[in-house]
Amino acid sequence: MKKFKRKIHVIGLNSFKIEDLSLDVQELFYKVKNIAVPNIYMNEIKSWISNKCMEDKNFYKSRSNLDLINWLKLRNNDVILISRGDPLWYGIGRILLNNFSKEELFFYPGKTCLQLAFSRLKKSWQDAKAVSIHGRETNELIKLLKSKEKAIGILTDPRNNNLELIRQNLRELDLENSYEFWLCEEIGFKNERIRLISHIESLPEVISDLNIVILLKKEISSIETNLPLFGISDNSFKTFSDRPNLLTKREIRIQLLADLELPEIGTILDIGSGSGTIGLEALRLRPKLRLISIDKRLGSQCLVKENAKKLGVAPTKIIESDVKQFLTNDLHNSFSDSNRVVIGGCDKETKIEIIEAISKFLKRGDIIVLPIITYEVLQKVSNLLKQLNYETSMNLIQTFKGLSISEGTRFEPNNPVFIIKAKKK
């Protein structure tokens, strides 16, 4: 087995203060002659070594590139390599592990810039998600934004105008008013600066290249103002924290509401209502409708109530139980002269059972709409509706959202949805 005598000591710094390092790490500087230092630290390191009367050091101005790897490979004696923060967290550690054996490498991590930034903001970061867009597109960031994470730490790239790109992605996902945008510059250094940038403000003209961004999700106000009459943003609705995308997307909701041909007076059943988006927006359009919202998920009743308050509407009844109980106990006295039914999240057998049960009570001109995601369910439901004397039409809705990347705009697809509209003959 090959024995490695040469050691590469990778030391993470959080500031220009060498005294912040532990004594055993400081002791390494007395013993090791070869020192690789990024330019930003060079003067401070040289000054500190001179003050400690350390002599005969071989300095190398390092960058994370092939020249550094070649320089390290040519050293026969121990080396100190200065890094920033934790070398194994979006740092040079990964590159070193790809080029040297684990036996040669010794890591002395400092605090990460993310850790320091959250400490300055006095915010817990145990649930924070970290992403680097340094030399990368914002694809991973977009995934985190779509998941509506509570806190996101972003390592930026000053060469690629990342800050404006982040703000643009927030706008395109209709999230610019959902997150606090904290610009953190030179965290841990003497020129440290932290600024909260409002979404209506321009970015500062002068920004240090050593910057990161922290996005903190805002608490949504209990009552929304200035909502549009139709086509309300998905982000205006509260949803389940562990399933943030469990709601009918705006583009699909718009088509469903149009297909419902909402009467001025009547009853709408929103079955499998989830966050209540379809029924509640229907009430904004037709305030005199009776809305019965049904969903069996624990906490759904509270969620629909909160969203109703935000939209300023009042459902007639919010039921948190299995729809089969409703079909057995309450269906017979739930309809009026004009009825609309939305059948959302449930399995194929339950959809069939609901359609067969409500069809006994629906009148001529009443309408059922169903958003469906698989062709097999579409076929089964469509055939049943025709057998039960409904006039049916089908649409496949596929939308794409334009998202900015460094070179232009990329269109990202939303999941395709089949919509069946069935009108009782």
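Whatever position you read off the sequence shown (first residue = 1), add 1 for my numbering.
From the three backbone atoms N, C-alpha and C, an ideal C-beta is built for every residue, glycine too.
### Message
Using CA atoms only, rank isn't needed, just tell me which of Ile406, Tyr391, Thr410 is closest to Lys425.
### Response
Tyr391
### Query
Would you call the CB atoms of Gly409 and Gly345 closer than 8 Å?
no
### Task
For Thr375, count neighbouring C-beta atoms within 10 Å of its own C-beta (all shown protein chains included) and say buried if the count is 16 or more, exposed if not.
exposed
### Task
Quick one: using the 10 Å Cβ neighbour count with 16 as the cut-off for buried, is Ala118 buried or exposed?
buried
### Straight-line Cα distance separating Ile93 from Asp21
21 Å
### Query
Under three-state DSSP, which class holds Ser84?
strand
### Task
Using only alpha-carbon positions, find the residue among Pro205, Asp210, Ser179 that is nearest to Glu187.
Asp210
### Task
Check whether the Cβ atoms of Leu292 and Leu284 lie closer than 8 Å to each other.
yes
### Message
Applying the 10 Å Cβ sphere with the 16-neighbour rule, what's the burial state of Glu265?
### Response
exposed
#### Entry: With 16 other Cβ atoms within 10 Å as the buried cut-off, status of Val324
buried
### Message
If I measure Cβ to Cβ from Trp183 and keep anything under 8 Å in the same chain, skipping five residues before and after, which residues do I get?
### Response
Ala118, Leu122, Ile195, Arg196, Leu197, Ile198, Val214, Ile215, Leu216, Leu217
### Query
CA-CA distance, Val132 and Pro39?
23 Å
### Message
Could you compute how far the alpha carbon of Ala152 sits from the alpha carbon of Arg168?
### Response
15 Å
### Backbone CA spacing between Lys318 and His200 [nearest angstrom]
38 Å
### Task
For Met2, I'd like the list of residues in its chain whose CB is within less than 8 Å of its CB, leaving aside the five on either flank, ordered along the chain.
Interpretation of Met2 is limited by its pLDDT of 43, a score under 50 that renders its predicted location unreliable; no figure is taken from the coordinates.
### Query
Which whole-angstrom value is the C-beta distance of Arg341 and Ile368, which I expect to be below 8 Å?
5 Å
### Task
Could you check what DSSP says for Ile215 in three-state terms: helix, strand or coil?
strand
### Task
Starting from Gly13, follow its DSSP beta bridges and name the residues at the other end.
Ser84
### Task
Provide the residue(s) that pair with Gly1 in DSSP beta bridges, ordered along the chain.
One cannot answer for residue 1 here, as it falls past the ends of the chain, which runs 2 to 426.
### Arg137 at chain C interface by Cβ criterion, 8 Å
Structure shown: chain C not included; a single protein chain is present.
### Message
Just to check my reading of the structure: Ile420 and Ile398 have Cβ atoms closer than 8 Å, yes? What is that Cβ distance to the nearest angstrom?
### Response
6 Å
#### Entry: Straight-line gap, Leu98 to Trp72 (C-alpha atoms, nearest Å)
16 Å
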